[in-house]
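A.B. asks: In this note's numbering, the protein residues as written are 3 to 108. From the three backbone atoms N, C-alpha and C, an ideal C-beta is built for every residue, glycine too. Let me begin by handing over the structure; questions about it come next.
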């Protein structure tokens, strides 16, 4: 019952069905993408993986990248697009990481 002290609240819209899919894509694929990009910073950045204090930086860069991906995953039109685009970004990032490490040992 609404009165002057407690006005009636409008009904809340339900959570859209694709938000769960987008959320899981952002959390799972966003984490793996952040790990790959952190590895790229390690191998391609100045000094290579042996540069002084680089391990701290690459460790701490994972969280902001991951949170950025999770935040922006809701801009995709559908959950399927989020999975496909983030999956493709993961494939590209890991391919670049593999290529940046040099030739494979025999």
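Using the Cα positions of residue 78 and residue 15, report the straight-line distance between them to the nearest angstrom.
C.D. replies: By one-based count along the chain shown, residue 78 stands at place 76. By one-based count along the chain shown, residue 15 stands at place 13. Going from the Cα of residue 78 to the Cα of residue 15 covers about 20 Å.
A.B. asks: Shortest alpha-carbon distance to residue 36 belongs to which of 51, 12, 8 and 65?
C.D. replies: Reading the chain shown from its first residue, position 34 is the one you call residue 36. Nearest option by C-alpha distance: 65.
A.B. asks: Using the rule of at least 16 other Cβ atoms within 10 Å of the residue's Cβ for burial, across every protein chain shown, is residue 40 buried or exposed?
C.D. replies: Taking the first residue of the chain shown as 1, we reach residue 40 at position 38. Residue 40 should be labelled buried.
A.B. asks: Need the endpoints of the alpha helix (DSSP H) that residue 19 sits in, please.
C.D. replies: As a working mapping, residue 19 is identified with position 17 in the chain shown. Residues 19-26.
A.B. asks: For residue 14, which of helix, strand or coil comes out of DSSP?
C.D. replies: Looking up residue 14 in the chain shown gives position 12. Residue state, collapsed to three classes: coil.
A.B. asks: Tell me whether the segment 18-26 and the segment 50-65 touch, counting them as touching only if at least three CB pairs, one residue from each stretch, are closer than 8 Å.
C.D. replies: No, they do not touch.
A.B. asks: Could you tell me whether the Cβ atoms of residue 89 and residue 42 are closer together than 9 Å?
C.D. replies: Counting from 1 along the chain shown, the entry for residue 89 is found at position 87. Counting from 1 along the chain shown, the entry for residue 42 is found at position 40. Against a cut-off of 9 Å, the Cβ pair of residue 42 and residue 89 comes out as no contact.
A.B. asks: Determine, using beta carbons only, whether residue 87 and residue 33 come nearer to each other than 9 Å.
C.D. replies: Within the chain shown, residue 87 is the residue found at index 85, counting from 1. Within the chain shown, residue 33 is the residue found at index 31, counting from 1. Going by C-beta atoms, residue 87 is not nearer than 9 Å to residue 33.
A.B. asks: What are the start and end residues of the alpha helix (DSSP H) that includes residue 92?
C.D. replies: Counted from its first residue, the chain shown places residue 92 at position 90. Note, residue 92: alpha helix (DSSP H), 81-102.
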